[in-house]
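**Q**
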Amino acid sequence: SALERHSPPAHTASVRLSLHPSDEMIKYDHGTWGIWFLFRLRGSVFPKALCWAIPSSLVSAGFLYLKIWVGYTDEMSSGNTAMTAVGAFVSILGFLVVFRSNQAWGRYWEGADLLQQARGEWLSAVSS
493 SALERHSPPA
503 HTASVRLSLH
513 PSDEMIKYDH
523 GTWGIWFLFR
533 LRGSVFPKAL
543 CWAIPSSLVS
553 AGFLYLKIWV
563 GYTDEMSSGN
573 TAMTAVGAFV
583 SILGFLVVFR
593 SNQAWGRYWE
603 GADLLQQARG
613 EWLSAVSS
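Each position in the sequence shown, counted from 1, maps to that position plus 492 in our numbering.
1. How big is the Cα-Cα spacing for GLN595 and VAL562?
2. I need the straight-line Cα distance from GLU613 to SER619, nearest angstrom please.
3. DSSP on THR565, reduced to helix/strand/coil?
4. Given this structure, state the Cα-to-Cα distance separating VAL589 from GLY603, to the nearest angstrom.
5. Which of helix, strand or coil does DSSP assign to GLY535?
6. Please give me, in chain order, every unbroken run of the alpha helix (DSSP H) with length at least 4 that falls completely inside the segment 546-603.
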């Protein structure tokens with residue numbers, strides 16, 4: 493029939509997508525002081541963060557070396573330009589942090605409200 497022809501094979505229905513080779517949850521061993529799980533690589537953000545941090549550090553070190561090699565000194569430029577750029581960067585970064593925190597706080601309270609509403613619905617369903 494047409495339904496059988498267009499439906500996926502039965503063995504594809506059980507396929508699950510996973511980011512890790514194993515589908516099990518990450519088991520953390522907190523150790524004696526409760527902080528040893530911070531030094532694990534599996535499930536950590538540090539390997540991905542280092543992929544961005546190391547090249548950025550190398551570029552920064554290269555610019556510093558170029559500055560020293562050319563003989564550029566701080567007296568050759570006005571300090572106000574650099575401070576204006578730093579001030580603008582810090583202002584934009586501060587705005588983004590506050591904006592993201594406000595969004596996260598709003599999402600948290602929306603989830604808490606929905607959870608309370610579901611709890612009330614369940615209580616209402618069980619008590620009637």
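All C-beta atoms in this analysis are idealised placements derived from N, C-alpha and C, irrespective of residue type, glycine included.
**A** This is what the structure holds:
1. Cα to Cα, GLN595 sits roughly 46 angstroms from VAL562.
2. Between GLU613 and SER619, the C-alpha separation is close to 10 angstroms.
3. DSSP places THR565 in coil when its eight states are reduced to three.
4. Roughly 21 angstroms separates the two Cα atoms.
5. Assigned with DSSP and collapsed to three states, GLY535 falls in coil, not helix or strand.
6. Here no run is fully enclosed.
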